[in-house]
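Q: In my numbering, the protein residues as written are 1 to 92.
Beta carbons: idealized from backbone N, C-alpha and C, even for Gly.
I have a structure I would like to understand better, so I am pasting it below and will then ask my questions one at a time.
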């Protein structure tokens, strides 16, 4: 597997975990999506920096691209958590 594919997989995993935690913590959907995206992108870039030992020369391109992917993951995870909240509230 190439380094690029591993990076994308790690970004999706980081985004899913952060999104799940943020959406469980906050009740506002879009604020949760934006916060999870911001934390995911910054965390991913910090991990990439720690791994490589230097900042990626294309970081100005990588941040918006990884932000878009993280945002999409956050919306999907947020919808799942939102549906779980509604089902739990419907049973009460």
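Does the CB of residue 74 have a neighbour CB from chain B at under 9 angstroms?
A: Given the protein chain composition of this structure (a single chain), no chain B is represented.
Q: Does DSSP put residue 84 in a helix, a strand or coil?
A: The answer is helix: DSSP assigns residue 84 an H, G or I state.
Q: If residue 40 and residue 18 are in contact, beta carbons under 8 angstroms, what's the gap, nearest whole angstrom?
A: Correct: roughly 5 angstroms between the Cβ atoms.
Q: Rounded C-beta distance between residue 16 and residue 73? I'm assuming under 8 angstroms.
A: That belief holds up - the Cβ atoms of residue 16 and residue 73 are roughly 6 angstroms apart, short of 8 angstroms.
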